[in-house]
Structures are given as C-alpha cells and as structure tokens.
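**Student:** If you scroll down you'll find the structure; I have some questions about it.
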Amino acid sequence: LDQDLDWVAQLAVVPADADERLAEHERVFGQQVFAFESVFLSPDGLRGSAEGPCRAWFDRAGFAVPEMPDSLGSQLLLLAELGAGDPYQAGAFYGEHLGRWAVPALLAIVRQQSTPYSLLAELVLELLPDPVPAELPEVPALLHRERTGLRDIAAHLVTPAMAGLYLSRSTIEEIARSVGLPCGFGARRLVLQNLFQAAAEHDALPALREALDRESAWWSERYLAAGAVEWNQRLEHQRALVREIRKPAA
Numbered sequence: 009l010d011q012d013l014d015w016v017a018q019l020a021v022v023p024a025d026a027d028e029r030l031a032e033h034e035r036v037f038g039q040q041v042f043a044f045e046s047v048f049l050s051p052d053g054l055r056g057s058a059e060g061p062c063r064a065w066f067d068r069a070g071f072a073v074p075e076m077p078d079s080l081g082s083q084l085l086l087l088a089e090l091g092a093g094d095p096y097q098a099g100a101f102y103g104e105h106l107g108r109w110a111v112p113a114l115l116a117i118v119r120q121q122s123t124p125y126s127l128l129a130e131l132v133l134e135l136l137p138d139p140v141p142a143e144l145p146e147v148p149a150l151l152h153r154e155r156t157g158l159r160d161i162a163a164h165l166v167t168p169a170m171a172g173l174y175l176s177r178s179t180i181e182e183i184a185r186s187v188g189l190p191c192g193f194g195a196r197r198l199v200l201q202n203l204f205q206a207a208a209e210h211d212a213l214p215a216l217r218e219a220l221d222r223e224s225a226w227w228s229e230r231y232l233a234a235g236a237v238e239w240n241q242r243l244e245h246q247r248a249l250v251r252e253i254r255k256p257a258a
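The numbering of the sequence shown is my numbering, which starts it at 9 and goes up by one.
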C-alpha cells in the first residue's frame with residue numbers, strides 16, 4: 009500500500025496545464041525518445057521496417073490501425089486489447105514484437121527523468137511479462153576497418169540495436185557537460201560526432217570514454233534487473249568498443 013501511495017504522490021506533480029502536458033509530451037517523444045520498434049531493432053535505427061508487420065496484427069485482430077502501428081504506445085494498446093480477449097494471441101504478439109524491445113524503450117523514457125512519462129515507464133516495466141530474446145543484428149567490426157571515422161562510430165552508438173542502449177540528444181548533452189566539452193546542435197548522430205571531435209581536439213577522449221561507460225553502467229544495471237540478457241550482452245560489446253577508441257591519426 010505504501011508503494012502504491014508513493015506512485016500516487018509522484019504522479020500528483022503532473023502539470024495541470026494542458027499546454028504544459030503537451031509540451032512535455034513533445035519534449036520526450038518528439039525530440040528525445042523515438043519509441044518505435046524499427047528504431048530500436050533495425051540495424052540502421054530508422055523507422056519503417058516494422059510498420060507493415062504491426063499493421064497486419066491490428067488487421068487480424070479486427071482493430072482500427074493507428075497512424076503509427078509500430079510505436080510503443082500502439083503496441084501497448086494492442087497488447088492490452090488482445091490480452092482482454094485472447095491471451096494466447098497476446099502472448100504471440102508480445103513474443104513477436106513488443107517483448108523484444110519494450111525494455112530498452114521504456115528505460116530510454118525513464119532516463120528522461122520526466123513527470124509523468126518516466127514514472128509511467130517504470131510502472132509499465134513492472135507490469136510487463138519478462139522480455140523475450142531480441143535476436144539483434146550482427147555487429148560490424150568497426151575499429152578493424154581502415155576507413156572507420158568518428159561519423160561511423162557516432163552512428164553506431166546512436167543505433168540501439170548496435171550499441172545496446174538509447175542515447176537521446178539530452179543524454180549526449182549531459183555527457184558533454186560532464187566532461188566540459190561542446191557538442192553543438194542537430195540530430196543525435198551529429199551531436200555525438202561533434203562531441204567525439206571536440207574530445208579528440210582537446211585530448212579528452214579518456215574522459216569521454218569514462219563518461220560513456222558510466223552511462224552504460226546505468227543501463228547494464230537496469231537490464232540485469234529486468235532480465236534483458238541479449239540487450240545487456242550487446243551493451244557490453246559496445247562498452248568494449250568504446251574503451252578501444254583512440255584519437256585519429258593526423
């Protein structure tokens with residue numbers, strides 16, 4: 009009961025003003041966390057590849073297809089609807105889609121430290137079944153390629169299926185502040201590339217590597233608690249890669 013009351017107390021600080029709530033929704037989901045299955049599971053981290061299969065699930069279940077069928081919200085809604093009428097189908101959908109990527113997506117929202125979305129993400133993490141094997145794509149041997157540059161490394165690290173975590177723009181900016189370096193503006197890949205470039209120019213790559221490893225440590229702890237084995241293994245692969253990054257040759 010005390011824990012339930014704690015949740016109520018925290019949610020009580022949700023902005024009462026509708027414009028403030030909309031602004032916070034836009035900040036979290038429009039600017040920071042792109043919570044789509046294809047963003048988290050595809051090898052390029054781009055939207056699109058999961059829309060067709062998710063749309064088919066809505067069609068088969070007889071539900072209206074939402075505008076973004078592969079979004080976290082749409083998949084949670086479909087899981088709830090299926091669970092109310094056909095638990096077997098709900099389990100099949102969870103195993104095929106949501107169960108493979110819900111944990112990292114929800115943790116990305118938690119990481120935003122947002123009211124109410126981070127609190128709600130924590131609650132959903134508690135309520136969902138255990139995650140299923142993610143079957144993540146093969147990781148390229150980036151540092152063993154002759155032409156690998158900072159752009160390639162940054163693109164790799166902002167792709168969840170490759171790096172094992174989700175680096176939002178605000179998280180990258182937070183890391184930049186922690187090491188006293190600029191990172192500029194733009195998309196996540198560009199901001200992280202700028203940060204690596206600044207670290208290389210100011211002989212601060214060791215500090216940046218440590219800051220990225222601290223971020224990864226947070227994710228690892230949460231993955232282990234959630235039983236997300238494959239995601240934690242991918243994260244550890246990324247941590248090893250980051251430790252090997254050195255200043256590019258002149």
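Just so you know, even glycine gets a beta-carbon here, dropped at the ideal spot from N, CA and C.
(1) Using a Cβ-Cβ cut-off of 7 Å (strictly less than) and excluding sequence neighbours within five positions of D78, which residues of its own chain qualify?
(2) For Q330, tell me which candidate among V166, I161, A234 and L173 has the shortest Cα-Cα distance.
(3) Quick check on DSSP: helix, strand or coil for F44?
(4) At the level of alpha carbons, what is the spacing between Y3 and Y96?
(5) What's the call for L106, buried or exposed, on a 16-neighbour Cβ count within 10 Å?
(6) Measure from the alpha carbon of A195 to the alpha carbon of each residue in E252, L30 and Q39, then state which is nearest.
(7) Would you say V199 lies against chain D (beta-carbon separation less than 8 Å)?
(8) Is the distance from the Cβ of R197 to the Cβ of V250 below 8 Å?
(9) Would you call the CB atoms of H245 and G172 closer than 8 Å?
(10) Identify the continuous alpha helix (DSSP H) that holds C62 and give its terminal residues.
(11) Looking at the secondary structure, which residues open and close the alpha helix (DSSP H) in which P95 lies?
(12) For R254 versus L200, is the C-beta distance shorter than 8 Å?
(13) Quick one: is L135 buried, meaning 16 or more other Cβ sit within 10 Å of its Cβ, or exposed?
(14) For my contact list, V262 and G53 are in at a C-beta cut-off of 8 Å; report their separation, rounded to the angstrom.
(15) Closer than 7 Å by C-beta to V36: which residues in its own chain qualify, once you throw out the five before and the five after it? Chain order, please.
(16) Around the Cβ of P137, are there at least 16 other Cβ atoms within 10 angstroms (buried) or fewer (exposed)?
(17) If you count every other CB in all the chains shown that lies within 10 Å of the CB of P168, and 16 or more means buried, which is it?
(18) Give the secondary structure of S126 by DSSP, where H, G and I count as helix, E and B as strand, and everything else as coil.
(19) Keeping to the same chain, check which residues put their C-beta closer than 6 Å to that of I183; ignore five residues upstream and five downstream.
(20) Would you call L86 buried or exposed, if buried means 16 or more other Cβ atoms sit within 10 Å of its Cβ?
(21) For S50, write down the residues that DSSP places opposite it in a beta bridge.
(22) Who are the Cβ neighbours of D67 in its own chain at under 7 Å, not counting the five residues just before and after it?
(23) N240 to L232, Cα distance in whole Å?
**Tutor:** The short version:
(1) Taken in chain order, the residues that qualify are F44, E45, S46, A58, E59 and C62.
(2) This structure does not reach residue 330, given that the chain is present from 9 up to 258, and the question cannot be answered.
(3) In the structure shown, F44 sits in a strand (DSSP, three-state: E or B).
(4) Because the chain here runs from 9 to 258, residue 3 falls outside it and cannot be looked at.
(5) It is buried - the Cβ of L106 has at least 16 other Cβ atoms within 10 Å.
(6) By alpha-carbon distance to A195, the top candidate from E252, L30 and Q39 is Q39.
(7) Among the protein chains of the structure shown there is no chain D, as only one such chain exists.
(8) Not closer than 8 Å, so no.
(9) Result yes, Cβ atoms of H245 and G172 sit closer than 8 Å.
(10) E59 to A69 is the span of the alpha helix (DSSP H), which, as asked, contains C62.
(11) Residues P95 to F101.
(12) At the C-beta level, R254 and L200 stay beyond 8 Å of one another.
(13) L135 should be labelled exposed.
(14) With the chain represented from 9 up to 258, any question about residue 262 goes unanswered, as that position is not in the structure.
(15) Cβ neighbours of V36 beyond the five flanking positions: I117, Q120, S122 and Y125.
(16) P137 sits exposed, since fewer than 16 C-beta atoms from the chains shown fall within 10 Å of its C-beta.
(17) Counting the other Cβ atoms within 10 Å of the Cβ of P168 gives 16 or more, which makes it buried.
(18) When DSSP states are grouped into helix, strand and coil, S126 belongs to the helix group.
(19) Cβ within range, chain order: A219.
(20) Here L86 is buried: its Cβ has 16 or more other Cβ atoms, across all protein chains shown, within 10 Å.
(21) According to DSSP, which records beta bridges pairwise, S50 is partnered with nothing at all.
(22) The residues are V73.
(23) Using only the alpha carbons, I get a separation of about 7 Å.
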